[in-house]
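Chemist: Quick one: the structure is below, questions incoming.
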Amino acid sequence: MKIRVGVLGATGAVGQRFVQLLDGHPWFEVVALAASSRSAGLTYGEACHWVLDTPMPTWARAMPVLDTSPDATFDCLMLFSALPADVAGPVEETFAAAGYVVCSNASAHRMDEDVPLLIPEVNGDHLALLATQRQRRGWPGLIITAANCSTTSLALALRPLHEAFGITKLHAVTMQAISGAGYPGVPSLDILGNVIPHIGGEEEKMERETRKLLGRLQGGCVAPADFPVSAHCNRVPVRDGHTECVSLSLAQTVTREDIVQVWEAFQAEPQALGLPSAPKRPVVVRQEVNRPQPLYDLTVEQGMATVVGRLRPCALFGWKFVLLGHNTIRGAAGGAILNGEYLVAKGWVPRA
Ligand code: NAP
């Protein structure tokens with residue numbers, strides 16, 4: 006029997022991805038779709054302006070959109086949250102207190118000491134924070150969070166390098182897609198033919214979250230990785246896919262082949278467990294001088310991998326490369342679904 010799940014913020018850019026990716030999922034069955042009071046009472050087909058390249062699933066089209074008020078009850082065990090951060094803060098806590106397992110995409114709880122900020126290939130062991138969360142909050146349910154979209158693809162590329170060689174400093178410049186701003190997001194007149202060199206809060210998120218993700222568990226909380234991270238974040242007129250130019254220093258002297266070998270060999274628990282949404286290769290290396298590109302490399306591993314390329318020496322830091330990640334798949338809905346699968350596999354969700 007499948008685990009019954011609901012989607013909060015189901016009508017938005019990330020909510021739609023949840024609906025798309027959960028269609029036919031082997032473990033999860035969507036039984037509730039919720040959004041704001043503006044959409045509540047309409048069918049999902051009426052409320053949602055579907056912007057994805059596969060048809061809206063028939064089962065979703067006819068479903069009533071539910072309100073997300075704190076006293077709402079959903080006939081399910083797990084909730085995937087794609088709520089705006091300000092709404093997510095109190096609402097996700099209320100639902101965890103009511104017994105739901107909340108897998109969130111929102112930033113509201115990512116940096117809470119007792120909330121795992123989880124990418125299973127990067128820091129699966131941080132799930133242990135849930136014991137602290139249960140003890141401190143007394144919730145029968147729980148909250149785990151997925152990382153910010155640009156941080157997620159970055160952390161996947163960094164994990165094996167940090168493990169093998171030790172990162173000592175990091176600099177990243179992003180070129181982030183329009184869909185990262187949700188729907189309808191950035192007005193066309195602001196972004197067409199333009200680059201916007203500011204995304205509110207994004208640089209701070211990348212700098213903080215990267216260090217939490219690569220940090221170590223110590224005495225029931227996470228000691229952040231101790232290398233400095235500096236990020237520049239830009240919005241560019243690309244529909245989907247965040248590209249990042251990354252420079253980093255390593256504690257060891259290594260060759261280009263050493264780095265490529267570590268990336269290509271990278272496997273973690275989700276791959277060993279065969280989780281349904283786990284990519285076979287979490288990091289995919291392109292050797293061409295002009296890849297990765299969003300136009301060509303976004304659907305590698307169904308959008309669940311980080312694609313890296315252009316690895317070369319850097320006069321300032323030691324090494325530099327380019328990476329690409331799918332912001333609404335691995336960077337949002339796909340990442341949160343993998344987190345949910347990981348929770349199930351690790352025994353945090355009772356299977357019917
Ligand atoms: P979005 O397109 O603006 O969608 C927002 C969703 O939240 C809609 O379903 C909306 O419902 C609902 N909502 C808005 N106000 C609400 C309220 N007061 N109560 C209940 N529901 C409400 O945003 P998005 O891009 O999908 O982002 C959703 C979350 O994921 C955000 O926290 C964002 O930071 C995070 N995230 C986004 C991305 C990305 O690439 N877009 C990546 C990673 C994380 P209505 O349609 O009824 O207004």
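With the numbering used here as the guide, the letters of the sequence shown map in order to residues 6 to 357. Just so it is clear, CB atoms sit at the ideal spot from N, CA and C, and this is done for glycine as well.
1. Please report the residue range of the alpha helix (DSSP H) in which His359 lies.
2. Does the beta-carbon distance from Ala111 to Ser74 come in below 7 Å?
3. So is the beta-carbon of Asn332 under 6 Å away from any non-hydrogen atom of the ligand NAP?
4. To which residues of the same chain is Met116 closer than 8 Å at the C-beta, ignoring the five residues directly before and after it?
5. With a 10 Å radius around its C-beta and 16 neighbouring C-beta atoms as the bar for buried, classify Met6 as buried or exposed.
6. What would DSSP say about Gln21, mapped onto helix, strand or coil?
7. If we count the other Cβ atoms within 10 Å of its Cβ and call it buried at 16 or more, is Thr311 buried or exposed?
8. Which whole-angstrom value is the C-beta distance of Val305 and Gly314, which I expect to be below 8 Å?
9. Does the distance from the CB of Ser282 to the CB of Glu346 come in under 7 Å?
10. Report the partner residues of Arg139 according to the DSSP bridge assignment.
11. Mind checking whether the beta-carbon of Cys154 lies closer than 6 Å to any heavy atom of the ligand SAM?
12. Taking just the CA atoms, how far does Thr137 sit from Gly225?
13. Regarding Ser254 and the ligand NAP, is the C-beta to nearest heavy atom distance less than 6 Å?
14. Run through the region 33 to 62 for me and flag every whole alpha helix (DSSP H) of 4 or more residues, listed as ranges in chain order.
15. Taking one C-beta from the region 46 to 59 and one from the region 94 to 102 each time, how about it: are there three or more such pairs within less than 8 Å?
16. What is the DSSP secondary structure of Thr333, reduced to helix, strand or coil?
17. Which of the three DSSP states is assigned to Ser109 in this structure?
18. Quickly, what does DSSP pair Leu122 with across the bridge? List them, please.
19. Since Ile8 is in the alpha helix (DSSP H), which residue starts that stretch and which ends it?
20. Which residues in the same chain as Ile204 place their Cβ atom closer than 6 Å to its Cβ, once the five residues preceding and following it in sequence are excluded?
21. For Pro69, is the beta carbon positioned less than 6 Å from some heavy atom of the ligand NAP?
Modeler: Taking the coordinates as given:
1. The structure shown does not extend to residue 359, since the chain is modelled only from 6 through 357, so no value can be given for it.
2. Locating residue 111 in the sequence shown gives position 106, where the first residue counts as 1. Locating residue 74 in the sequence shown gives position 69, where the first residue counts as 1. Not in contact: Ala111 and Ser74 (Cβ atoms no closer than 7 Å).
3. Along the sequence shown, one-based indexing puts residue 332 at 327. The answer is yes for Asn332.
4. Residue numbering aside, residue 116 sits at position 111 when the sequence shown is read from its first letter. Counting only Cβ-Cβ distances below 8 Å, and skipping sequence neighbours, we find Leu122, Arg213, Glu214 and Lys217.
5. Here residue 6 refers to the residue found at position 1 when the sequence shown is read from its first residue. Burial call: exposed.
6. Your numbering for residue 21 matches position 16 in the sequence shown. In this structure, Gln21 counts as helix in the three-state DSSP scheme.
7. Numbered from 1 along the sequence shown, position 306 holds the residue referred to as residue 311. By the 10 Å Cβ count, Thr311 comes out buried.
8. Numbered from 1 along the sequence shown, position 300 holds the residue referred to as residue 305. Numbered from 1 along the sequence shown, position 309 holds the residue referred to as residue 314. Not a contact, Cβ separation roughly 11 Å.
9. Position 277 of the sequence shown, counted from the first residue, corresponds to residue 282. Position 341 of the sequence shown, counted from the first residue, corresponds to residue 346. Closer than 7 Å, so yes.
10. The residue given as residue 139 occupies position 134 in the sequence shown. Per DSSP, none; premise fails for Arg139.
11. Annotation note on the ligand SAM: not contained in the displayed structure, which lists the ligand NAP as its ligands.
12. Translated into the one-based positions of the sequence shown, residue 225 becomes position 220. Translated into the one-based positions of the sequence shown, residue 137 becomes position 132. Distance between the alpha carbons of Gly225 and Thr137: 6 Å.
13. Translated into positions along the sequence shown, residue 254 becomes position 249. Incorrect: Ser254 has no Cβ contact closer than 6 Å to the ligand NAP.
14. 49 to 52
15. no
16. Indexing the sequence shown from 1 puts residue 333 at position 328. Coil at Thr333, not helix or strand.
17. The residue labelled residue 109 in the question sits at position 104 within the sequence shown. It is a strand residue.
18. Within the sequence shown, the letter at position 117 stands for residue 122. Answer is Thr150, bridged to Leu122.
19. Counting from 1 along the sequence shown, the entry for residue 8 is found at position 3. Run containing Ile8: none in the alpha helix (DSSP H); it sits in the beta strand (DSSP E), Ile8 to Leu13.
20. Here residue 204 refers to the residue found at position 199 of the sequence shown. So the qualifying residues of the chain are Cys238 and Arg240.
21. Residue mapping note: residue 69 aligns to position 64 of the sequence shown, counting from 1. For the ligand NAP, not one heavy atom lies less than 6 Å from the Cβ of Pro69.
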